[in-house]
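*Asks:* In the UniProt record's numbering, the protein residues as written are 1 to 396.
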Ligand SMILES: Cc1ncc(COP(=O)(O)O)c(C=O)c1O
């Protein structure tokens with residue numbers, strides 16, 4: 001399908017080529033194994049098959065390929081502008097990326113703490129050395145990796161992909177962009193220089209808090225073939241049920257993410273203006289917000305953006321996750337219990353809004369920080385809910 005076709009049209013039609021039955025809704029395939037042809041003269045043993053043909057309609061065993069995951073990957077290959085390979089989780093996708101590239105050094109920021117767990121596994125096995133994200137360019141050598149998460153977990157603040165691509169490539173290193181917080185429709189890291197794009201598909205690709213998955217996308221055919229071969233032996237494929245749910249979810253990806261991102265920018269703008277209002281009226285939302293909130297963090301209000309890279313990188317919105325920092329740890333512990341429309345839980349990207357006192361799952365962040373994943377509720381209801389809870393905490 002032409003890359004000029006719109007995101008939602010691709011979400012709905014990129015897999016039309018796989019419609020081998022007349023069902024409008026894709027059938028659910030649960031089989032782990034598939035019959036060979038009944039024609040003995042047409043039997044081709046696995047060792048003699050042309051695996052590079054990648055025919056997504058022929059399957060032998062679901063650790064290699066299966067109908068629903070092929071559909072899921074076909075749609076994502078179109079949306080991500082590169083060959084997409086799906087995994088059982090975001091972390092297994094990162095594991096596969098590091099297995100492919102096997103770098104000596106990896107330059108990485110704080111970001112999602114689980115990625116550091118994967119890096120620690122590789123350090124144990126291969127001696128992989130971790131460098132800070134702002135390391136000097138010549139600390140990197142050929143074949144090394146920069147892993148850039150943008151926007152970054154948990155704050156939702158963005159980094160300049162082109163600048164990190166330039167830094168990596170100047171040393172013969174590769175750039176992996178973890179674009180989980182900005183799915184297709186918000187950000188395309190390839191034209192900005194990414195070599196591999198990674199997603200925790202558990203978040204916006206799944207979109208309903210009911211499946212785990214990870215995705216890697218590459219524009220290099222040799223890497224795509226290697227990733228598919230490696231995955232057979234790492235065994236970290238997406239399950240059949242999850243893949244079917246994933247296809248269902250991708251149909252609405254763009255519209256979900258755009259609405260969630262718009263609502264987020266509205267909430268962030270409300271909080272940011274209130275926080276910086278001078279002489280707020282007695283008893284107003286502004287007073288409550290200034291009493292309990294120390295900061296609001298999101299790409300839409302991030303300080304120190306020089307030049308227009310952010311608007312170019314994220315032309316359609318700045319992502320559906322933001323963070324707030326309360327004045328006191330006690331307030332951060334209490335806020336989630338006072339909200340009606342935000343469930344207190346980890347993860348993000350679902351249709352329902354979540355809030356997490358981030359200390360619950362990540363010991364490395366400020367204990368006053370709460371991460372908010374904005375869902376599809378009416379944004380004014382979310383604003384009212386937060387405003388009321390801030391007033392209660394401020395004792396207004
Ligand atoms: C930015 C980012 N990358 C990777 C992951 C890991 O994904 P998964 O939980 O699907 O393994 C997460 C999970 O929260 C994440 O937020």
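Backbone N, C-alpha and C fix where the C-beta goes; we use that ideal spot for every residue, glycine too.
Fair warning: this is a prediction, and the values are worked out from it, not measured in the lab.
(1) Measuring only from the beta carbon, is residue 135 closer than 7 Å to any heavy atom that is part of ligand 1?
(2) Could you have a look at residue 242 and say whether DSSP puts it in helix, strand or coil?
(3) Report yes if the C-beta of residue 34 is less than 7 Å from at least one heavy atom of ligand 1; otherwise report no.
(4) Could you give the distance in angstroms between the alpha-carbon of residue 359 and the alpha-carbon of residue 213?
(5) Using a Cβ-Cβ cut-off of 6 Å (strictly less than) and excluding sequence neighbours within five positions of residue 392, which residues of its own chain qualify?
(6) Residues in its own chain within less than 8 Å of residue 367 by CB, not counting five upstream and five downstream?
(7) What do you reckon, is the C-beta of residue 399 under 7 Å from a heavy atom of ligand 1?
(8) Residue 325 to residue 310, Cα distance in whole Å?
(9) Which residues does DSSP list as the beta-bridge partners of residue 141?
(10) Could you tell me the distance, in whole angstroms, from the CA atom of residue 191 to the CA atom of residue 80?
(11) Measuring CA to CA, which of 38, 152, 279 is closest to residue 365?
(12) Do residue 257 and residue 272 have their C-beta atoms closer together than 8 Å?
(13) Just the C-alpha distance for residue 270 and residue 164, rounded to the nearest angstrom, thanks.
(14) Straight-line CA distance for residue 55 to residue 244?
(15) Is residue 438 near ligand 1, judged by its Cβ being under 7 Å from some heavy atom?
(16) With a CB to CB cut of under 6 Å and the five nearest residues on each side skipped, what residues in its chain are close to residue 372?
(17) Measure how close the beta-carbons of residue 71 and residue 26 come, nearest whole angstrom, since I'm counting them as under 8 Å.
(18) Could you give the uninterrupted runs of the alpha helix (DSSP H) lying entirely in the region 142–211, keeping only those of 4 residues or more?
(19) Pick from 11, 84, 60, 62: whose alpha carbon is nearest that of residue 222?
(20) For the structure I just gave you, are there three or more beta carbon pairs, one from the region 339–350 and one from the region 371–386, closer than 8 Å?
(21) Is it buried or exposed for residue 29, if we count other Cβ within 10 angstroms and need 16 for buried?
(22) Is the closest heavy atom of ligand 1 to the C-beta of residue 76 under 7 Å?
(23) Consult DSSP for residue 33 and reduce its assignment to one of helix, strand or coil.
(24) Can you tell me whether DSSP reads residue 2 as helix, strand or coil?
(25) Kindly indicate which three-state DSSP category residue 383 falls into: helix, strand or coil?
(26) If the criterion is Cβ atoms closer than 8 Å, does the pair residue 133 and residue 108 meet it?
(27) Could you name the residues of the same chain whose beta carbon sits closer than 7 Å to that of residue 232, not counting the 5 residues immediately before and after it, in chain order?
(28) Of all the options 249, 193, 282, 395, which has the alpha carbon lying nearest to the alpha carbon of residue 208?
(29) Counting along the chain, where does the beta strand (DSSP E) carrying residue 356 start and finish?
(30) Could you compute how far the alpha carbon of residue 307 sits from the alpha carbon of residue 187?
*Replies:* Looking at the atomic coordinates:
(1) The answer is no for residue 135.
(2) helix
(3) no
(4) Distance between the alpha carbons of residue 359 and residue 213 is about 24 Å.
(5) 338
(6) Result list for residue 367: 329, 332, 359, in chain order.
(7) Within the shown structure, residues of the chain are numbered from 1 to 396, placing residue 399 beyond reach of any answer.
(8) 23 Å
(9) Answer is none; residue 141 lacks a bridge partner.
(10) 11 Å
(11) Residue 152 is the option with its Cα nearest to residue 365.
(12) no
(13) 32 Å
(14) Residue 55 and residue 244 have their C-alpha atoms spaced approximately 19 Å apart.
(15) As shown, the chain starts at 1 and ends at 396. That puts residue 438 outside it, with no answer to give.
(16) 322, 355
(17) 6 Å
(18) 161–170
(19) Out of 11, 84, 60, 62, 84 has the C-alpha closest to the C-alpha of residue 222.
(20) yes
(21) buried
(22) Not under cutoff, so the answer is no.
(23) Residue state, collapsed to three classes: strand.
(24) The DSSP-derived three-state label of residue 2 is coil.
(25) helix
(26) Going by C-beta atoms, residue 133 is nearer than 8 Å to residue 108.
(27) Taken in chain order, the residues that qualify are 63, 64.
(28) 249
(29) 354–357
(30) 18 Å
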